[in-house]
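Chains L, U and Y are the protein sequences, given in the same order. Under this note's numbering, think of the first position of the first sequence as 145, with each following residue one higher. Under this note's numbering, think of the first position of the second sequence as 145, with each following residue one higher. Under this note's numbering, think of the first position of the third sequence as 145, with each following residue one higher. No residue lacks a Cβ here, since even glycine has one placed at the ideal position from N, Cα and C. Everything below concerns the one structure shown next.
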Amino acid sequence: MSMTRHDQSAILSQAVEHADTVYLAGIVAKDLNKDVKGQTKEVLDEIDRLLAQCGSSKSKVLQCHIWVTDIRNRTPMNEVWTEWVDKKNLPARACVEAKLADPKALVEIMVIAGK
Amino acid sequence: MSMTRHDQSAILSQAVEHADTVYLAGIVAKDLNKDVKGQTKEVLDEIDRLLAQCGSSKSKVLQCHIWVTDIRNRTPMNEVWTEWVDKKNLPARACVEAKLADPKALVEIMVIAGK
Amino acid sequence: MSMTRHDQSAILSQAVEHADTVYLAGIVAKDLNKDVKGQTKEVLDEIDRLLAQCGSSKSKVLQCHIWVTDIRNRTPMNEVWTEWVDKKNLPARACVEAKLADPKALVEIMVIAGK
């Protein structure tokens, strides 16, 4: 089955296509000085960019893992999420608290999408 | 590739079918006053219901993420899990500790299943 | 769609094949007295073994969840990871901190791979 890998760094690909399924890396914001809403916006923008590169889009997201470093940040994260999602095509998701690699990162999202 | 979304709320779908794969949301119990065994039972009942709605079943679960808010609750959660699973068709799974959205939730399970 | 389950224990399968996708369990080291680099090596060796059993390989890994019990162990874990991965075929991945089932386990990795 065909696999296409995008934006490879030293340790990971930002996106991998496998047949009709797209697997993204866990995405954090580039500007980690922003608050959780600003970081969530950057994460979702990058997810849009990566999905487009794979021939997918936010309307085709299947399942998401969302990590917030403080579970109380789920509420402001969700405000940005709600503005972003395609309300007719909502993904399955889970959101739990976890400490992330960069201590300034407040939210990380990892996506599985269809094409 | 066809996608069918089930039980959409404001922010997520409880289940998404994509070709022959089914992605569920992270499920928590409805009655969060129950202990971890009671909550696990409710979670697995809801997973049964959602899988049936998607033409799948517990015998076709591929991979599960299980979060418990206290890793010591893995043992009572596993007792209920063991009664539930199809022992001839066990899923791959991981179980780690994480704080969940509702402070009274003790366990959350997110499933990928086949059809 | 065909499903093949490997190395079933009382509660889980170590690997499940579904059509052209392979789902592994969350893998921890067998010798939990090793340090994080030693444990990571054991985890990746076991992932190699399971993927081979499923007709896949590290060059076909699509997405990984990595949990470390202390996020500062991400650096030594990554050293072993970097030696292991196929640099031309890197998976998407996320690495977050979480407490694991066995208090001596320092790292756990769960894989989705293609064939």
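- Looking from the CA of U/His209, the closest CA among L/Ala154, L/Val240, L/Val172, L/Met145 belongs to L/Val240.
- The beta carbons of L/Cys198 and L/Glu161 sit about 5 Å from each other, so the pair counts as a contact at 8 Å.
- A direct Cα-Cα distance of roughly 16 Å separates U/Pro247 from U/Thr184.
- The C-beta of L/Thr213 has 16 or more other C-beta atoms within 10 Å across all chains shown, which makes the residue buried.
- Taking 8 Å as the cut-off between beta carbons, the residues of the stretch 195-223 of chain U near chain Y are Lys204, Leu206, Gln207, His209, Ile215, Arg218, Asn222, in sequence order.
- Judged by pairs of C-beta atoms under 8 Å, the stretch 180-194 of chain L touches the stretch 211-226 of chain L, as three or more such pairs exist.
- Interface with chain Y (8 Å Cβ-Cβ cutoff): L/Lys231 is excluded.
- The straight-line gap separating the alpha-carbon atoms of L/Leu195 and L/His150 is approximately 10 Å.
- Cβ contact annotation for Y/Ala169 (same chain, cutoff 6 Å, sequence separation greater than five): Leu156, Gln158, in chain order.
- Contiguous alpha helix (DSSP H) elements confined to the stretch 177-219 of chain Y occur at 180-197, taking only those with 4 or more residues.
- The C-beta of Y/Val187 comes no closer than 8 Å to any C-beta of chain U.
- Beyond the five residues adjoining it in sequence on each side, L/Trp211 comes within less than 6 Å, by CB distance, of Ala242, Glu252 in the same chain, given in chain order.
- Secondary structure note for L/Asp246: it is in no beta strand (DSSP E), with a DSSP letter that is neither H nor E.
- In the displayed model, U/Met145 falls within coil according to three-state DSSP, outside both helix and strand.
- Judged by their CB atoms, L/Lys259 and L/Asp164 are nearer to each other than the 8 Å cut-off.
- Between U/Ala245 and L/Arg218, the gap from beta carbon to beta carbon is short of 8 Å.
- Bounds of the beta strand (DSSP E) holding U/Leu168 are 165-168.
- For U/Val160, the enclosing beta strand (DSSP E) stretches over residues 157-162.
- In terms of Cβ geometry, Y/Val187 and Y/Ala257 do not form a close pair [threshold 8 Å].
- Under a criterion of Cβ atoms nearer than 8 Å, the residues of chain U adjacent to Y/Lys243 are, in order, Ile215, Val240, Glu241.
- Annotation: Y/Lys231 to L/Ala154 spans about 7 Å, alpha carbon to alpha carbon.
- Per DSSP, the continuous beta strand (DSSP E) segment holding Y/Ile253 begins and ends at 251-258.
- Interface with chain Y (8 Å Cβ-Cβ cutoff): U/Arg149 is excluded.
- The contact set of Y/Val160 on chain U, defined by CB atoms closer than 8 Å, consists of Leu206, Gln207, Pro235, Ala236 in chain order.
- Under the three-state reduction of DSSP, U/Val240 is assigned to strand.
- Residue-level contact by beta carbon holds for U/Gly258 and chain Y, with a gap shorter than 8 Å.
- Our two residues, U/Trp228 and U/Val172, have alpha carbons roughly 16 Å apart in a direct line.
- Out of Y/Met147, Y/Met145, Y/Tyr167, Y/Gln152, the CA that lies nearest to the CA of Y/Val255 is found in Y/Tyr167.
- U/Gln183 has a beta carbon lying at 8 Å or more from every beta carbon in chain L.
- The C-alpha of U/Ser203 lies about 22 Å from the C-alpha of U/Pro220.
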